[in-house]
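Enquirer:
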Amino acid sequence: MVHKAFFDREAYMSGIKLIDNTNLITVLLPDWCGALGEDIYLPLIQRNFVWKPEQIAYLWDSILRGFPLGNLMVVPIEQETKVKCNSEYQSVSSGWLLLDGQQRSRAIAGGYKFSEDNGFRVWVGLNSEPANPKLKFDIRVTTRQHPFGFDPLFRPLSMSHRSAAYSYFEEQYKGEKSASLGLNVTTPFSAQGHEYLPLDVYFDSERTHEELIPFTLKEALEGVKAYQLVALSVSTDVLNAPVEVGTRQDSKPEDSNLPVELLFERIGSGGTRLSNEDYAYSLIKQRMPDAHKVVENVLKQSDLQEFFSPLSLISIALRLSCSFCGEGGKDIDDVHYSKSNIFKIIENNANSRFIQEQVVQAGRLTTLLESLIESLMHTNSNANGLPVYLLKALPISFWQLMICWIWQQPNKHLLESKEQLIGFALLWLFYSPNTKMARKITRHIIKDIRTNPVRSADWLGEQFCLYCLDLSVNNITPKAGLITPEIFRSSVITLANQEEPILKNRNFRIQNLKNQFNDERSQIAAGECLSHFWSNRKLLIWFQRKYLREINKQRAVKISEHITPYDYDHIVPQNYWARGNTSRGKQLQQTNFYSWKLQHNAHTDLGNSIGNYQLLSFADNRVKQDKDYQRFIADFAGDKARDLCIEPNVGALFGETPGKHNNYEWNSDSVKAYQSAIEHRIVDLYTQFYQFIADVGLTSTLIDT
35 MVHKAFFDRE AYMSGIKLID NTNLITVLLP DWCGALGEDI YLPLIQRNFV WKPEQIAYLW
95 DSILRGFPLG NLMVVPIEQE TKVKCNSEYQ SVSSGWLLLD GQQRSRAIAG GYKFSEDNGF
155 RVWVGLNSEP ANPKLKFDIR VTTRQHPFGF DPLFRPLSMS HRSAAYSYFE EQYKGEKSAS
215 LGLNVTTPFS AQGHEYLPLD VYFDSERTHE ELIPFTLKEA LEGVKAYQLV ALSVSTDVLN
275 APVEVGTRQD SKPEDSNLPV ELLFERIGSG GTRLSNEDYA YSLIKQRMPD AHKVVENVLK
335 QSDLQEFFSP LSLISIALRL SCSFCGEGGK DIDDVHYSKS NIFKIIENNA NSRFIQEQVV
395 QAGRLTTLLE SLIESLMHTN SNANGLPVYL LKALPISFWQ LMICWIWQQP NKHLLESKEQ
455 LIGFALLWLF YSPNTKMARK ITRHIIKDIR TNPVRSADWL GEQFCLYCLD LSVNNITPKA
515 GLITPEIFRS SVITLANQEE PILKNRNFRI QNLKNQFNDE RSQIAAGECL SHFWSNRKLL
575 IWFQRKYLRE INKQRAVKIS EHITPYDYDH IVPQNYWARG NTSRGKQLQQ TNFYSWKLQH
635 NAHTDLGNSI GNYQLLSFAD NRVKQDKDYQ RFIADFAGDK ARDLCIEPNV GALFGETPGK
695 HNNYEWNSDS VKAYQSAIEH RIVDLYTQFY QFIADVGLTS TLIDT
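Residue numbers (the working numbering): 35 to 739.
#1: Report the residue ranges of all alpha helix (DSSP H) runs contained in full by the segment 158 to 195; include only those spanning at least 4 residues, in chain order.
#2: By how many angstroms is the C-alpha of H478 removed from the C-alpha of P535?
#3: Can you give the Cα-Cα distance for K170 and G100, rounded to whole angstroms?
#4: Measure the alpha-carbon distance for S704 versus Q137 and round it to whole angstroms.
#5: How big is the Cα-Cα spacing for Y123 and D601?
#6: Can you tell me which residues form a DSSP beta bridge with P77?
#7: For L406, report the span of its alpha helix (DSSP H) as first-last.
#8: Among residues of its own chain, excluding the 5 on either side of L246, which ones have a beta-carbon nearer than 6 Å to its beta-carbon?
#9: Please state if the CB of F652 and the CB of S201 are separated by a distance shorter than 9 Å.
#10: Going by C-alpha distance, which of P186, N586 and L76 is nearest L132?
#11: For a test of the three-state rule: what should DSSP assign to Y200, helix, strand or coil?
#12: Classify V219 as buried or exposed, calling it buried when 16 or more other Cβ atoms lie within 10 Å of its own Cβ.
#13: Here's the rule: buried if 16 or more other CB atoms are within 10 angstroms of the residue's CB, otherwise exposed. What is S702?
#14: Please go through the same chain and pick out, in chain order, the residues whose beta-carbon is closer than 7 Å to the beta-carbon of G515, but skip the five residues on each side of it.
#15: Straight-line CA distance for G135 to D337?
#16: With 16 as the cutoff for other CB atoms within 10 Å, does Q256 come out buried or exposed?
#17: Check for me: the beta strand (DSSP E) holding N232 runs from which residue to which?
#18: Taking 8 Å as the cut-off, is the C-beta of S702 nearer than that to any heavy atom in the ligand NAP?
#19: Quick one, which of K252, E163, Y465 and Y724 has its alpha-carbon nearest G227's?
#20: Quick one: using the 10 Å Cβ neighbour count with 16 as the cut-off for buried, is T413 buried or exposed?
#21: For L266 and F154, I'd like the C-alpha separation in whole angstroms.
#22: I'd like to check one pair, I437 with L354: are the Cβ atoms closer than 9 Å?
#23: In this structure, does DSSP put R555 in helix, strand or coil?
#24: Could you have a look at Q664 and say whether DSSP puts it in helix, strand or coil?
#25: Looking at the structure shown, is S704 part of a helix, part of a strand, or coil, going by DSSP?
#26: Who are the near neighbours of F666 in its chain, counting only those whose CB is closer than 8 Å to its CB and skipping five residues on each side?
#27: Could you check the C-alpha separation between Q395 and F388 for me, to the nearest Å?
#28: Relative to the C-alpha of A384, which residue among R398, L410 and L352 is closest?
#29: From which residue to which residue does the alpha helix (DSSP H) around D65 run?
#30: DSSP three-state label for V422, please.
#31: In the DSSP assignment, find the unbroken beta strand (DSSP E) run with L650 in it and report its ends.
#32: Check this for me: beta carbons of Q578 and Q664, under 9 Å apart or not?
#33: Using DSSP's beta-bridge definition, name the partner residues of F154.
#34: With distances taken from CA atoms, which of A254, W85 and D234 is nearest F188?
#35: Counting only the same chain and skipping the five closest in sequence on each side, list residues whose C-beta sits under 7 Å from that of I350.
#36: Should T177 go down as buried or exposed, given a rule of 16 or more other Cβ atoms within 10 Å for buried?
Take a look at the structure:
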């Protein structure tokens, strides 16, 4: 039964209050959970659920301990209003709008009553003390992205723990090919073997596991049923007030004219910050509900949901509208829009008409994104494409730039440029510009595209490289491009045999390349090229794309799209050469071979380079740990060796590094083999990368030597 004092409209209007001269109202926690979506609705401007697992856990720990949570904020609905209800949109004329407290409410309801749509599940340890000092109860949270939960401090599980969790799950569902990692079947992983109970199972039927629940925990769980939430009812004037975006906080606007952005900023102080992207999405929900509904439906009904969130689609649409809406439109010359500029874009007739027509009616944005994904993704028929995991690593700036470029090209140009677009995506991952630089690059290149729409993919790659290398030294603009494999090889050997750190001293890298180039621009570009590739582990996903495809085929359990079935692994284990770990034999750090010049800083750069990393599935990693290291390397033959990107001669060199065959001891031969193996593999990988970029025709991105 819903608490009458809260939901009885007539009683409310007659003045039922907890405290004189206030609008504070109480409701029991179970009643509040039951009323969400029935009597309590979300206004369209509310964003999606954004809380992190630790926030959910701390909230439930507070509830179990009887701590107060602070006031929620609601407003009575007095006229027909569009609201969001259980991911759908409808018009209601009565009930309440939840103005503040959505994140807390959804965290509470998601723990009290389970649904896959929640995206998480809350668990409590039955006979375990929490390892997290901030918790009284051992609360764990599982999510779609992490179906086996997190460690006690809510960090992602280690590779060994994920591997153990997967193995246990596969054993439980052995033979069931259709088994998937749904939150209804997975459980939190505990290295100590602790047992956990879903909170929703207890509240649905408290007799479940009754004999296993300690008295203190049972008492706390029973207390949840009597837990009271406090809500503050505010005037409907706030909801119906005209929006005045751009009002400064120091201008002291009248209460009846509080802008939406200022209102949410003020009532959300101390909560999760409302980002500009959140604000844009919320504003479109409020002002353009048809466009918003189409965006959400597209993500539900197509494969795009694996790569894009509603926020990212709206961001791309805003970028397009500012670039191509034509006369009368707002042309905000920045990718990172302020809230004020976002409001101006959406309120502008030309911009909003462009979004409405292209997103809602024509659906061109969706079509182009689907075509772009198809062109870039690695499949049997697109052998050079990027694996799904790598496509997800590309930032929103990349997609904005790609869509703006394709928007201006003839339809056939996308198919003709497929290989070049893959090369461009690899160049982006190669240079990996930070967020600020990526926005700057995108803004400048889109300006050029608008000036001259028909631009080749080769031109696109050249411009990108130029902007990435815009790191002027003595006012000299670096030359764009990749150095040849021959120069890369000699540079690696030169740098790897120095006592200096390889990566940390930029001038050192450039100085050592003087004998390779006559002009300083090429020296700078080459030094940057070397450092961008040296430890770029993302590119391993592309190099080992065939290996990833095979391990996905072999898995008995369907992997969630949010989870990688692999992890990065050192070919020569870190505890054989890293400083401060003496668990096995004599460390490389402690050796004293006068003929070998590599010192601590340099050998750390070498051991953590792409040459000493590989992707390994959980199963292959277990095999590696159980075998003598030399025997494991010997297994790298034929297709498997090629899939792991370790050539036979390089595998033989890795096999001569410490293992059981030499009691894990370093000697002069094993040190030389270690360094030589890594050098050769770095060069082998770079040669593959360079050759692909050259073969697909991105010739302007190569340094002409």
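All residues carry an ideal CB built from backbone N, CA and C; glycine is no exception.
Expert: Reading off the structure:
#1: none
#2: Here residue 535 refers to the residue found at position 501 when the sequence shown is read from its first residue. Here residue 478 refers to the residue found at position 444 when the sequence shown is read from its first residue. The predicted model places P535 with a pLDDT of 47, which falls under 50 and marks its position as unreliable; any figure quoted below should be read in that light. Near 34 Å, if we compare the C-alpha coordinates of H478 and P535.
#3: One-based indexing of the sequence shown puts residue 170 at position 136. One-based indexing of the sequence shown puts residue 100 at position 66. Between the alpha carbons of K170 and G100 lies a distance of about 12 Å.
#4: Along the sequence shown, read from residue 1 onward, the residue named residue 704 stands at position 670. Along the sequence shown, read from residue 1 onward, the residue named residue 137 stands at position 103. Spanning the two alpha carbons is a distance of roughly 56 Å.
#5: Walking along the sequence shown from the start, residue 123 turns up at place 89. Walking along the sequence shown from the start, residue 601 turns up at place 567. For Y123 and D601, the distance between alpha carbons rounds to 41 Å.
#6: Residue mapping note: residue 77 aligns to position 43 of the sequence shown, counting from 1. BP columns for P77 point to V117.
#7: Translated into positions along the sequence shown, residue 406 becomes position 372. First-last of the alpha helix (DSSP H) with L406: R398 to L410.
#8: Taking the first residue of the sequence shown as 1, we reach residue 246 at position 212. Excluding sequence neighbours, L246 sits near L160.
#9: If you number the sequence shown from 1, residue 201 lands on position 167. If you number the sequence shown from 1, residue 652 lands on position 618. It is a contact, given that the beta carbons lie within the stated cut-off.
#10: Taking the sequence shown and counting its residues from 1, one reaches residue 132 at position 98. When only C-alpha atoms are compared, the closest one is L76.
#11: Against the sequence shown, residue 200 aligns to sequence position 166. DSSP places Y200 in helix when its eight states are reduced to three.
#12: For this step, residue 219 is matched to residue 185 along the sequence shown. So V219 counts as exposed.
#13: Walking along the sequence shown from the start, residue 702 turns up at place 668. Under this definition S702 is an exposed residue.
#14: Taking the sequence shown and counting its residues from 1, the one referred to as residue 515 is at position 481. Contacts found: C499, A559, T735, L736 and I737.
#15: Counting from 1 along the sequence shown, the entry for residue 135 is found at position 101. Counting from 1 along the sequence shown, the entry for residue 337 is found at position 303. The alpha-carbon atoms of G135 and D337 are separated by roughly 32 Å.
#16: Numbered from its first residue, the sequence shown carries residue 256 at position 222. Position check: residue 256 holds Glu in this sequence, whereas Gln was assumed. Classification for E256: exposed.
#17: For the purposes of this step, residue 232 is identified with residue 198 of the sequence shown, where counting begins at 1. For the record, residue 232 in the displayed sequence is Pro; it is not Asn. Where P232 is concerned, the enclosing beta strand (DSSP E) stretches over Y230 to P232.
#18: The ligand NAP is not part of the structure shown, which contains no ligands of any sort.
#19: What you label residue 227 is simply residue 193 of the sequence shown in a count that begins at 1. Nearest of K252, E163, Y465 and Y724 to G227, Cα basis: E163.
#20: Within the sequence shown, the letter at position 379 stands for residue 413. So T413 ends up on the exposed side.
#21: By one-based count along the sequence shown, residue 266 stands at place 232. By one-based count along the sequence shown, residue 154 stands at place 120. Taking the straight line from one Cα to the other gives about 28 Å.
#22: Within the sequence shown, residue 354 is the residue found at index 320, counting from 1. Within the sequence shown, residue 437 is the residue found at index 403, counting from 1. Closer than 9 Å, so yes.
#23: Numbered from its first residue, the sequence shown carries residue 555 at position 521. Three-state DSSP puts R555 in a helix.
#24: Locating residue 664 in the sequence shown gives position 630, counting from the first residue. In the structure shown, Q664 sits in a helix (DSSP, three-state: H, G or I).
#25: Along the sequence shown, read from residue 1 onward, the residue named residue 704 stands at position 670. Three-state DSSP puts S704 in a helix.
#26: Within the sequence shown, residue 666 is the residue found at index 632, counting from 1. Counting only Cβ-Cβ distances below 8 Å, and skipping sequence neighbours, we find V657 and K658.
#27: Indexing the sequence shown from 1 puts residue 395 at position 361. Indexing the sequence shown from 1 puts residue 388 at position 354. When rounded, the distance between both Cα atoms is 10 Å.
#28: To locate residue 384, count along the sequence shown from 1; it is residue 350. Ranking R398, L410 and L352 by Cα distance to A384 puts L352 first.
#29: Along the sequence shown, read from residue 1 onward, the residue named residue 65 stands at position 31. First-last of the alpha helix (DSSP H) with D65: L63 to A69.
#30: Residue 422 sits at position 388 when you count from the first residue of the sequence shown. Note: V422 maps to helix in three-state DSSP.
#31: In the sequence shown, residue 650 corresponds to position 616, counting from 1. Its beta strand (DSSP E) spans residues Y647 to S651.
#32: Here the question's residue 578 lines up with position 544 in the sequence shown. Here the question's residue 664 lines up with position 630 in the sequence shown. Not in contact: Q578 and Q664 (Cβ atoms no closer than 9 Å).
#33: Locating residue 154 in the sequence shown gives position 120, where the first residue counts as 1. Bridge partners of F154: T177.
#34: Position 154 of the sequence shown holds residue 188. When only C-alpha atoms are compared, the closest one is W85.
#35: What you label residue 350 is simply residue 316 of the sequence shown in a count that begins at 1. Excluding sequence neighbours, I350 sits near L399, W433, Q434 and I437.
#36: As a first step, residue 177 is located in the sequence shown; it is residue number 143 there, counting from the start. Around the beta-carbon of T177, 16 or more other beta-carbon atoms lie within 10 Å, marking it buried.
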